[in-house]
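Remarks on the structure that follows.
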Amino acid sequence: MARPSRCRRICFGPAYESFVPEGIPGSGLVGLTLDEYEAIRLIDLERQTHAQCAKQMDISRTTVTEIYESARKKIADSLVNGKPLLISGGNYRFCDGSAVRYCQKNCRRADGLAPDSKASGKGAAEMRIAVTFENGTIFQHFGRTEQFKLYDVSDGTITKEQIVDTNGNGHGALAGFLKEAGTDALICGGIGGGAKLALADAGIKLYGGVSGEADSAVKDFLAGQLSYNPDTACGHHGHEHPDSLCGEKTHGCHGNGGGCK
Numbered sequence: 224m225a226r227p228s229r230c231r232r233i234c235f236g237p238a239y240e241s242f243v244p245e246g247i248p249g250s251g252l253v254g255l256t257l258d259e260y261e262a263i264r265l266i267d268l269e270r271q272t273h274a275q276c277a278k279q280m281d282i283s284r285t286t287v288t289e290i291y292e293s294a295r296k297k298i299a300d301s302l303v304n305g306k307p308l309l310i311s312g313g314n315y316r317f318c319d320g321s322a323v324r325y326c327q328k329n330c331r332r333a334d335g336l337a338p339d340s341k342a343s344g345k346g347a348a349e350m351r352i353a354v355t356f357e358n359g360t361i362f363q364h365f366g367r368t369e370q371f372k373l374y375d376v377s378d379g380t381i382t383k384e385q386i387v388d389t390n391g392n393g394h395g396a397l398a399g400f401l402k403e404a405g406t407d408a409l410i411c412g413g414i415g416g417g418a419k420l421a422l423a424d425a426g427i428k429l430y431g432g433v434s435g436e437a438d439s440a441v442k443d444f445l446a447g448q449l450s451y452n453p454d455t456a457c458g459h460h461g462h463e464h465p466d467s468l469c470g471e472k473t474h475g476c477h478g479n480g481g482g483c484k
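To convert a position in the sequence shown, counted from 1, into our numbering, add 223.
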């Protein structure tokens, strides 16, 4: 029986979750996991050795080498063969500040200043609905949302509400965040194709293109009267690429004021 793989520690999600070649993309889609992305970031950008990377990611040096080689092969496949690259998923956990002695950054989490982003558990028979949230309304850019409001529902009745902080993570990381929180459905405004794929992979039903008050939207949803757009896409982009592989820039590093600097 194979030994279960150790969860890889990463600092933050990518600022851009997808890359598409100019012109007509080649066939196929290359998927790069967040732990592979982190290995590339630490080794190729931060110039860490494999041993240093292993300490920061809390895994063995052999595992780092395997992850790094896999990531390099995928990136080469995307570049040489003109395939779209999507960064999403993987076996990872976000650093709680305990790796600061390895990364040597000014880390807000290590100082104990970051807000609690962990959602409380839900009942086995309950449905959990997440809404991109800002000041009582539905925040319109999924990849930039700083908060979700979670609604637990049983027999068509809301039994619990809570607001959780996302720490500024982007599309692919947010899908994992919602999955870990036990989310069954998401109500939001604009959302890109890369995030849609990540949510579908996480088994989360999407109701996009919704605006207005968050509480009212959930009540309409429960009444079967929610007006949403299944073909919604991010509408705030100034750069050119297909909406089906939207890779917007997020605030990065747990928000401009919050994570490693």
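Think of the CB as a built atom: it goes at the ideal place given N, C-alpha and C, for glycine as much as any other residue.
* Asked: With Gln370 and Thr389 assumed to form a contact (beta carbons below 8 Å), what rounded beta-carbon distance in angstroms separates them?
  -> Here the question's residue 370 lines up with position 147 in the sequence shown. Here the question's residue 389 lines up with position 166 in the sequence shown. About 6 Å separates the beta carbon of Gln370 from that of Thr389, a gap short enough to meet the 8 Å contact definition.
* What alpha helix (DSSP H) runs, 4 residues minimum, are completely inside the region 346–433? -> Taking 4 residues as the shortest admissible run, the region 346–433 contains the following complete alpha helix (DSSP H) segments, listed from N- to C-terminal end: 394–403 and 416–424.
* Residue span of the alpha helix (DSSP H) that contains Leu255, given as start and end -> One-based indexing of the sequence shown puts residue 255 at position 32. It is not in any alpha helix (DSSP H) - Leu255 instead sits in the beta strand (DSSP E) that spans Val253 to Leu255.
* **Test item: CB-CB of Cys411 and Thr360 under 8 Å** => As a first step, residue 411 is located in the sequence shown; it is residue number 188 there, counting from the start. As a first step, residue 360 is located in the sequence shown; it is residue number 137 there, counting from the start. Not a contact, by the Cβ cut-off of 8 Å.
* Go to Leu445, then tell me how far its alpha helix (DSSP H) extends in each direction, as first and last residue. => Here residue 445 corresponds to residue number 222 of the sequence shown, with the count starting at 1. Taken as a continuous stretch (DSSP letters only), the alpha helix (DSSP H) holding Leu445 covers Ala437 to Leu445.
* contact_flag[the region 231–239, the region 253–265] where n(CB pairs < 8 Å) is 3 or more -> As far as the Cβ criterion goes, the region 231–239 touches the region 253–265, which means the pair count is three or higher.
* Asked: Are Ala398 and Leu373 close, meaning C-beta to C-beta below 8 Å?
  -> Counted from its first residue, the sequence shown places residue 398 at position 175. Counted from its first residue, the sequence shown places residue 373 at position 150. Taking 8 Å as the Cβ cut-off, Ala398 and Leu373 do not qualify as a contacting pair.
* Asked: Helix, strand or coil for Glu471 per DSSP?
  -> For this step, residue 471 is matched to residue 248 along the sequence shown. Any reading at Glu471 must be qualified, since the residue scores a pLDDT of 38, below 50, and its modelled position is unreliable; the value itself is stated next. Secondary structure of Glu471 (DSSP, three-state): coil.
* **Reduced DSSP category for Leu336 - H, G, I as helix; E, B as strand; rest coil** => Numbered from 1 along the sequence shown, position 113 holds the residue referred to as residue 336. In this prediction, Leu336 scores a pLDDT of 37, lower than 50, which makes its location untrustworthy; the coordinate-derived value is nonetheless stated afterwards. Coil.
* Three-state class that DSSP yields for Tyr490 in the structure shown -> The chain is shown only over 224 to 484; residue 490 falls outside these bounds and no answer can be derived.
* Cβ of Phe365 within 8 Å of Cβ of Ile310? -> Residue 365 sits at position 142 when you count from the first residue of the sequence shown. Residue 310 sits at position 87 when you count from the first residue of the sequence shown. The Cβ-Cβ distance between Phe365 and Ile310 does not fall below 8 Å.
* To do: Compute the Euclidean distance between the alpha carbons of Ile381 and Leu445, then round it to the nearest angstrom.
  => Along the sequence shown, read from residue 1 onward, the residue named residue 381 stands at position 158. Along the sequence shown, read from residue 1 onward, the residue named residue 445 stands at position 222. Computed Cα separation, rounded: 9 Å.
* DSSP three-state assignment for Ser241, whether helix, strand or coil -> Counting from one through the sequence shown, the residue named residue 241 turns up at place 18. In the structure shown, Ser241 sits in a strand (DSSP, three-state: E or B).
* Assigned exposure category for Arg367 - 16 Cβ within 10 Å defines buried -> Mapped onto the sequence shown, residue 367 falls at position 144. Buried, by the Cβ-count rule.
* To do: Rank Thr406, Lys306 and Glu436 by C-alpha distance to the C-alpha of Ala342 and give the top, closest one.
  => Within the sequence shown, numbered from 1, the residue matching residue 342 stands at position 119. The option with the nearest alpha carbon to Ala342 is Thr406.
* To do: Could you spell out the range, first to last residue, of the beta strand (DSSP E) harbouring Phe317?
  => Mapped onto the sequence shown, residue 317 falls at position 94. Looking at the DSSP string, the run of the beta strand (DSSP E) that includes Phe317 is Tyr315 to Phe317.
* To do: To the nearest angstrom, report how far apart Lys306 and His273 are at their CA atoms.
  => Indexing the sequence shown from 1 puts residue 306 at position 83. Indexing the sequence shown from 1 puts residue 273 at position 50. Going by the C-alpha atoms only, they are around 28 Å apart.
* Asked: Can you round the beta-carbon distance between Ile282 and Arg229 to whole angstroms, since I take them to be within the 8 Å contact cut?
  -> Residue 282 sits at position 59 when you count from the first residue of the sequence shown. Residue 229 sits at position 6 when you count from the first residue of the sequence shown. Right, their Cβ atoms sit about 5 Å apart.
* Cβ-Cβ distance between Val253 and Asp300 below 8 Å -> The count along the sequence shown starts at 1 and reaches residue 253 at position 30. The count along the sequence shown starts at 1 and reaches residue 300 at position 77. Against a cut-off of 8 Å, the Cβ pair of Asp300 and Val253 comes out as a contact.
* Asked: Taking the alpha-carbon positions, what's the Leu429 to Ala294 distance?
  -> One-based indexing of the sequence shown puts residue 429 at position 206. One-based indexing of the sequence shown puts residue 294 at position 71. Roughly 29 Å separates the two Cα atoms.
* Asked: Rounded to whole angstroms, how far is the Cβ of Ser377 from the Cβ of Ala348, which I believe are closer than 8 Å?
  -> As a working note, residue 377 is residue 154 in the sequence shown. As a working note, residue 348 is residue 125 in the sequence shown. Sure, about 6 Å apart at Cβ, within 8 Å.
* Determine the direct distance from the alpha carbon of Arg351 to that of Glu384, and round the result to whole angstroms. => Counting from 1 along the sequence shown, the entry for residue 384 is found at position 161. Counting from 1 along the sequence shown, the entry for residue 351 is found at position 128. Each residue's Cα considered, the two are about 10 Å apart.
* Asked: Which residues share a DSSP beta bridge with Leu308?
  -> Here residue 308 corresponds to residue number 85 of the sequence shown, with the count starting at 1. Beta-bridge partners of Leu308 (DSSP): Phe242 and Val253.
* Just confirm the distance between the C-beta atoms of Thr455 and Gly432, as a whole number of angstroms; I'd bet it's less than 8 Å. => Residue numbering aside, residue 455 sits at position 232 when the sequence shown is read from its first letter. Residue numbering aside, residue 432 sits at position 209 when the sequence shown is read from its first letter. 3 Å between Cβ atoms; contact.
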